[in-house]
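**Student:**
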Amino acid sequence: MSGSQHEAERESVGQGTPAAAPGTPLWSPSEAQVAGSAMDEFRRFVEGACGAELATYDELHAFSVTEPQSFWALLAEFLQLPFGAPATAAVFVDPMPRTRWFEGATLNYAQALLYPSALEDADRTAILAVTEAGAQQEVSWRQLRAEVALVQGALMRAGLRRGDAVAAFSANVPATVALLLACAGLGLVFSSCSPDFGEEAAAARFGQLAPRLLFVTTHYEYGGKRFDTSATTSALAQRLGTLEGVVALPYPGQAPEPGNHVAWHEWLAAGPAPAEPVLEQLPFDHPLYVLYSSGTTGLPKAMVHRAGGALLSHMKEHALHCDIKPNDVVYYFTTCGWMMWNWLVSALAQAATVVLYDGSPAWPDAAAQFRLAERLGVTFFGTSARFIAQAQAEGLRPGAELDLGALRTVASTGSPLSPEGFRYVHRAVKQDLHLASISGGTDIVSCFMLGVPTLPVFAGQIQRPGLGVDLRVLSEDGEELVGEPGELVCAAPLPSMPLGFLGDHDYQRYEDAYFGVYEGLWRHGDLVERTAEGGIVVYGRSDATLNPGGVRIGTAEIYRPLEALREVVEAVAVGKRTADDQEIWLLVVLAEGTELDDRLIDKIKRTVRSGASPRHVPRRVVQVPQLPRTRSGKSMELAVARLVNGQSVPNVEVMANPESVRLIQECLRALNGAP
């Protein structure tokens with residue numbers, strides 16, 4: 027496509043279709059789609075069990091938060107959780123964060139994924155693994171079970187017992203899934219990060235875990251390049267004093283290169299293994315895995331997640347909110363360093379095929395992910411708001427150029443998806459499509475709010491809180507708000523809330539992290555708004571909220587108008603402290619060949635003024651080569667705010683692009699006090 031053609035295409039896709047009128051749905055499910063959904067089936071199931079009329083999702087949701095004992099018990103029954111022993115009660119032995127769930131019950135997370143109740147043929151494909159270079163590996167449920175049994179044999183030979191920990195510095199490959207399921211079957215604790223982590227960042231995580239075994243990817247592919255991590259893995263192994271062995275994982279399509287470590291297949295073949303996976307019956311609250319926050323101050327929070335809680339929450343979200351069905355093909359772009367990997371793997375419990383992709387989402391171009399969806403017949407396509415914005419900026423029209431007939435759902439997370447992003451997906455990808463913006467976090471390894479396939483979608487809005495989520499939007503004084511931004515608060519326990527933090531035996535760090543603002547209520551740290559349509563708009567992290575002149579502004583309110591400017595690739599708005607107030611500074615990455623001159627600064631300010639308000643207009647606009655991001659692709663606003671205010675940024679190794687700190691510092695120094 028020529029440059030002029032490309033610009034015309036981008037104009038027609040990105041800007042050409044007028045917005046729907048306020049209050050007009052972007053998409054509504056048909057009666058047949060509603061009736062055929064698992065969500066509606068569950069609604070009818072609850073009505074029959076309780077003898078109450080619950081005609082709408084909102085009535086079902088109200089039941090889920092006012093009758094938690096009945097709701098969670100009925101949900102577990104409907105989803106057919108593989109209980110070995112029944113529970114004495116569903117919830118609430120103690121208040122948050124000490125809540126215990128399904129006491130007396132036993133189950134095994136791996137059993138639900140290896141032997142899903144809806145699976146009719148064990149020779150069906152469980153995992154489709156694809157690398158950026160095009161290598162593809164298919165693993166059936168029968169093969170996955172055999173691999174898990176082999177891994178368990180090796181783990182038991184190594185002397186690991188229930189409660190011991192293993193760590194995986196790993197690419198998104200089938201062996202990592204087999205390792206997780208093998209650990210879950212035996213009651214071991216699993217933790218992972220991706221191989222693009224540096225030694226310091228990985229050690230800051232795994233050092234808290236004290237693992238007995240380390241599993242590593244010694245090389246991987248990204249952006250058309252091959253990266254050798256053998257030096258990093260050797261250094262990491264030396265940092266972890268509790269290790270008894272290091273095993274090199276295989277990478278699809280490439281010969282094993284274990285380096286100084288034991289090769290995976292040699293490790294598996296070194297002795298006998300059980301004929302079938304071992305599936306210990308464990309308490310519902312037994313630890314499953316440890317996930318980590320990605321902040322830039324102090325050690326990452328090491329959150330211990332319970333097996334039953336992760337399983338029940340993921341199955342609720344997959345089956346009901348995402349309408350994932352047996353034989354579906356489920357894809358989410360993620361790495362093993364992001365909670366969405368854990369979320370994705372759990373889709374095996376729906377007897378759905380899980381796609382593991384390892385590499386850059388934009389290699390060799392942004393359309394590659396859509397071509398993958400066409401080739402594999404993807405039914406559920408998960409991505410980030412940033413990827414959607416990139417596809418829109420490049421003028422991609424995958425729906426016109428590819429056969430995406432199998433695709434029913436697109437999910438977006440990582441950052442707020444703008445109204446224009448919603449409209450772009452329906453224009454350029456597919457019209458009859460459930461577009462589900464979802465939001466939660468590593469903290470709960472699931473979602474507070476997400477899609478509802480039986481309700482209409484409004485551009486820019488997440489449809490509803492999830493079932494069982496008692497979501498509130500509160501002012502600083504604790505008053506509930508509708509129609510204006512406030513703090514995202516969860517007023518009731520969830521089974522996917524962490525069991526605890528590593529080393530935090532008295533719950534002090536746990537309570538400080540979530541319960542220090544509103545007594546007895548989980549404050550998540552997001553600035554959100556409940557809308558007249560019943561949906562939720564996310565404005566960003568509340569600790570990154572701007573406050574010029576005492577007016578509270580969410581950063582997403584500034585970013586949304588900027589999406590109309592092709593000159594601006596991405597931006598971060600932060601508060602610059604003054605003597606007695608705060609002013610807004612906007613740091614921008616511009617399109618190639620574009621310079622920040624007075625004309626463009628004026629255009630940016632006018633765009634923000636007209637698209638938001640005069641209060642949102644930045645005092646200063648600064649061009650930078652790149653902005654810092656987490657390894658899961660999220661913008662790091664707090665790090666930029668520290669730089670703008672002359673502070674250092676600790677723990678830069680947690681960033682995907684730590685060189686951005688130096689580059690931003692150089693740009694700020696070059697301002698020389700210019701207005």
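Numbered by our numbering, the letters in the sequence shown go through residues 27 to 701 in order. Ideal placement from N, C-alpha and C gives every residue a C-beta, glycine not left out.
Nearest CA to the CA of residue 270: which residue from 400, 204, 185?
**Tutor:** The residue with the shortest Cα to Cα distance from residue 270 is 185.
**Student:** With DSSP as the reference, please indicate the residues paired to residue 460 in a beta bridge.
**Tutor:** According to DSSP, residue 460 bridges with 435.
**Student:** Do residue 113 and residue 132 count as a contact pair if the criterion is CB distance below 7 angstroms?
**Tutor:** It is not a contact, given that the beta carbons lie outside the stated cut-off.
**Student:** Taking Cβ to Cβ, would you say residue 90 is nearer than 7 angstroms to residue 493?
**Tutor:** It is a contact, given that the beta carbons lie within the stated cut-off.
**Student:** Residue ranges of each alpha helix (DSSP H) run of no fewer than 4 residues wholly in the segment 46-93, ordered along the chain?
**Tutor:** With a minimum length of 4 residues, the continuous alpha helix (DSSP H) runs that stay inside the segment 46-93 are 57-61, 64-76, 83-92.
**Student:** Using 8 angstroms as the Cβ pair cut-off and three pairs as the minimum, do the segment 541-551 and the segment 352-360 touch?
**Tutor:** No, the segment 541-551 is not in contact with the segment 352-360.
**Student:** Among the residues of its own chain, which have a CB less than 8 angstroms from the CB of residue 302, if the five just before and after it don't count?
**Tutor:** Counting only Cβ-Cβ distances below 8 angstroms, and skipping sequence neighbours, we find 171, 175.
**Student:** Should the segment 69-77 be called in touch with the segment 271-285, which here means at least 3 C-beta pairs below 8 angstroms?
**Tutor:** Short answer: they don't touch.
**Student:** Any idea if residue 566 is buried or exposed, counting beta-carbon neighbours within 10 angstroms, 16 or more meaning buried?
**Tutor:** Label assigned to residue 566: buried.
**Student:** Nearest-angstrom Cα distance between residue 188 and residue 286?
**Tutor:** So the alpha carbons of these two residues sit roughly 28 angstroms apart.
**Student:** Flag this pair as yes or no: are the beta carbons of residue 562 and residue 488 separated by less than 7 angstroms?
**Tutor:** Cβ distance < 7 angstroms, so residue 562 and residue 488 count as in contact.
**Student:** Where residue 54 and residue 64 are concerned, what is the direct C-alpha to C-alpha distance, given to the nearest angstrom?
**Tutor:** In a straight line, the C-alpha of residue 54 is about 17 angstroms away from that of residue 64.
**Student:** Can you tell me which of 238, 468, 411 puts its alpha carbon nearest to the alpha carbon of residue 336?
**Tutor:** The residue with the shortest Cα to Cα distance from residue 336 is 468.
**Student:** Give the single residue among 604, 209, 433, 649 whose Cα lies nearest to the Cα of residue 618.
**Tutor:** Among 604, 209, 433, 649, the Cα nearest to that of residue 618 belongs to 649.
**Student:** Can you name the residues that DSSP bridges to residue 219?
**Tutor:** Answer is 195.
**Student:** Report buried or exposed for residue 697, applying the criterion of at least 16 other Cβ atoms within 10 angstroms of its Cβ.
**Tutor:** The residue is exposed, with fewer than 16 neighbouring Cβ atoms inside 10 Å.
**Student:** Can you tell me which of the three DSSP states residue 527 falls into?
**Tutor:** Residue 527: strand per DSSP, three-state reduction.
**Student:** Can you look up residue 340 in the DSSP assignment and give me helix, strand or coil?
**Tutor:** Reduced to three states, the DSSP call for residue 340 is helix.
**Student:** When DSSP builds the beta bridges, which residues end up paired with residue 246?
**Tutor:** 253.
**Student:** Output the residue ranges of the beta strand (DSSP E) runs that lie fully inside the segment 296-331 and measure 3 residues or longer, sorted by chain position.
**Tutor:** Whole beta strand (DSSP E) segments, 3+ residues: 313-318.
**Student:** Taking the beta carbon of residue 509 as the centre, do at least 16 other beta carbons fall within 10 Å, making it buried, or is it exposed?
**Tutor:** Result: exposed.
**Student:** Could you tell me the distance, in whole angstroms, from the CA atom of residue 118 to the CA atom of residue 182?
**Tutor:** Taking the straight line joining both Cα atoms gives about 35 angstroms.
**Student:** Whole angstroms is fine: what's the gap from residue 266's alpha carbon to residue 407's?
**Tutor:** About 37 angstroms.
**Student:** Would you call the CB atoms of residue 661 and residue 594 closer than 7 angstroms?
**Tutor:** The answer is no: Cβ separation not under 7 angstroms.
**Student:** Short check: CB of residue 152 to CB of residue 167, under 7 angstroms?
**Tutor:** Taking 7 angstroms as the Cβ cut-off, residue 152 and residue 167 qualify as a contacting pair.
**Student:** For residue 203, report the span of its alpha helix (DSSP H) as first-last.
**Tutor:** Counting along the chain, the alpha helix (DSSP H) containing residue 203 begins and ends at 200-212.
**Student:** If you count every other CB in all the chains shown that lies within 10 Å of the CB of residue 673, and 16 or more means buried, which is it?
**Tutor:** The residue in question, residue 673, is exposed, as its Cβ has fewer than 16 Cβ neighbours within 10 Å.
**Student:** In the DSSP output, what is residue 115 paired with across the bridge?
**Tutor:** DSSP, once it has assigned bridges, lists 129 as partnering residue 115.
**Student:** What does the alpha-carbon distance come out to for the pair residue 127 and residue 666?
**Tutor:** One C-alpha to the other measures close to 40 angstroms.
**Student:** What does the alpha-carbon distance come out to for the pair residue 322 and residue 687?
**Tutor:** Unreliable placement is indicated for residue 322, whose pLDDT of 49 sits below 50; no coordinate value is reported for it.
**Student:** Apart from the five residues on each side of it in sequence, which residues of its chain come closer than 6 angstroms, Cβ to Cβ, to residue 426?
**Tutor:** Cβ within range, chain order: n/a, list empty.
**Student:** Under a Cβ-count criterion, where at least 16 other Cβ atoms within 10 Å of its own Cβ denotes burial, should residue 300 be classed as buried or exposed?
**Tutor:** When all chains shown are included, residue 300 counts as exposed.
**Student:** If you reduce the DSSP assignment to three classes, tell me which class residue 362 lands in.
**Tutor:** The answer is coil: DSSP assigns residue 362 none of H, G, I, E or B.
**Student:** So is residue 297 buried or exposed if we call it buried at 16+ other beta carbons inside 10 Å?
**Tutor:** So residue 297 ends up on the exposed side.
**Student:** Whose CA, out of 421, 434, 486, lies closest to the CA of residue 400?
**Tutor:** Closest by alpha carbon: 434.
**Student:** When you compare the segment 497-504 with the segment 433-452, are there three or more beta-carbon pairs, one atom per stretch, that lie closer than 8 angstroms?
**Tutor:** No, they do not touch.
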